[in-house]
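Take a look at the structure below.
Residue numbers (my numbering): 3 to 285.
Here it is in structure tokens:
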């Protein structure tokens, strides 16, 4: 009996193992078939290789070939200004590196707006648009928006000075002379990623040569103040001019001259008395 019982037990264990083996193969085959079906139904995404940085880089660093690598990026989501070939990223050879203008994190796409031209340093000249010039404006804690300015911000520039000749209606006025001017540097820093607030002594703005002349004339004849423009504010400020009289509500007196009728007289003598008698004027 014991031998029969042992034989039956062994046969049962073998059948159970065989069933488990067959079930595992069946589940694996079903899973593979399901994944194949899903892969066939999934839409194909077109990709294109672009350069990304392989480590965090900060303003002013040199971007060398060892700092970048190629990755496949969804073609429909590729931002403007990427680099797809080594010749585009390093047109003057791998020995002539670019400088970083804006910080980038690891695996972030390298954009033309975030790096300088090959061989250039990350200075103010690299941030100027073609045809524009850089001009420095003296500021302090009050005229410089209390130190909350950063490169890349936009400001309105106001001039305060005197109009009119001395002693002949001379009046202090404040006038908006330029609107939406872009800042390219604060003191000696052009780093847009600086976050600490500091009271600047000078700010450098980007302007056309004509606007530079206007700023130079305004700075030499009065004082300049800056007003920070919001990041998403696209409204261009209208002409603004405020004088002392308008600020204080003083209405200037207007003199009105009343025309007097012309009177003609004739002088006669009555004894020792001379009398002027009015008569109608003939001309």
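Note that beta-carbon positions come from the ideal geometry of N, C-alpha and C, so glycine has one too.
Figure out for me which residue from the options has the closest Cα to the Cα of residue i.
i: residue 85; options: 132, 54 and 98; result: 54
i: residue 64; options: 212, 204 and 105; result: 105
i: residue 61; options: 67, 124, 141 and 247; result: 124
i: residue 126; options: 248, 185 and 251; result: 185
i: residue 188; options: 178, 159, 121 and 204; result: 204
i: residue 250; options: 178, 173 and 24; result: 173
i: residue 118; options: 280, 21, 100 and 201; result: 100
i: residue 76; options: 67, 50, 245 and 89; result: 50
i: residue 248; options: 190, 212, 38 and 176; result: 176
i: residue 165; options: 93, 115 and 243; result: 243
i: residue 122; options: 107, 94 and 275; result: 94
i: residue 141; options: 202, 280 and 32; result: 202
i: residue 234; options: 154, 87, 37 and 66; result: 154
i: residue 180; options: 150, 149 and 212; result: 212
i: residue 236; options: 206, 26, 18 and 158; result: 158
Cutting at 6 Å between CB atoms, please list the residues of its own chain near residue i, excluding the five before and the five after it.
i: residue 91; result: 53 and 85
i: residue 47; result: 76
i: residue 214; result: 135 and 137
i: residue 24; result: none
i: residue 160; result: 176, 178 and 227
i: residue 73; result: 54
i: residue 12; result: none
For residue i, which beta-bridge partners are listed by DSSP?
i: residue 206; result: 138 and 187
i: residue 111; result: 54
i: residue 124; result: Paired residue(s): none; residue 124 is not in a bridge.
i: residue 143; result: DSSP output for residue 143 lists no bridge partner at all.
i: residue 229; result: 158
i: residue 218; result: Bridge partners of residue 218: none, in fact.
i: residue 163; result: 175
i: residue 237; result: Note: residue 237 sits in no beta bridge, so no partner.
i: residue 243; result: 177
i: residue 101; result: 64
Within the 8 Å Cβ cut-off, does residue i reach chain B?
i: residue 156; result: Here chain B cannot be found, since the structure has a single protein chain.
Measure how close the beta-carbons of residue i and residue j come, nearest whole angstrom, since I'm counting them as under 8 Å.
i: residue 137; j: residue 209; result: 6 Å
i: residue 225; j: residue 145; result: 7 Å
i: residue 112; j: residue 70; result: 6 Å
i: residue 217; j: residue 147; result: About 17 Å; that fails the 8 Å criterion.
i: residue 162; j: residue 222; result: Actually they do not touch by this definition, with Cβ atoms about 13 Å apart.
i: residue 156; j: residue 182; result: 5 Å
i: residue 241; j: residue 178; result: 6 Å
i: residue 129; j: residue 192; result: 6 Å
i: residue 120; j: residue 143; result: Not a contact, Cβ separation roughly 40 Å.
i: residue 96; j: residue 67; result: 5 Å
In chain order, what residues of the same chain have a beta carbon less than 7 Å from the beta carbon of residue i, not counting five sequence neighbours either side?
i: residue 134; result: 208, 209 and 210
i: residue 81; result: 111 and 113
i: residue 83; result: 113, 114 and 115
i: residue 56; result: 69, 70, 71 and 108
i: residue 246; result: 173 and 174
Could you tell me whether any non-hydrogen atom of the ligand MG is closer than 7 Å to the CB of residue i?
i: residue 36; result: The ligand content of the structure shown is nil, which means the ligand MG is not present either.
So, for residue i: in the same chain, excluding its five sequence neighbours on each side, which residues have a beta-carbon less than 8 Å away from its beta-carbon?
i: residue 40; result: none
i: residue 30; result: none
Report task. List in chain order: all unbroken beta strand (DSSP E) runs of 3+ residues lying wholly within the segment 14 to 95. Result -> DSSP runs (the beta strand (DSSP E)) wholly in the segment 14 to 95: 49 to 55 and 70 to 76.
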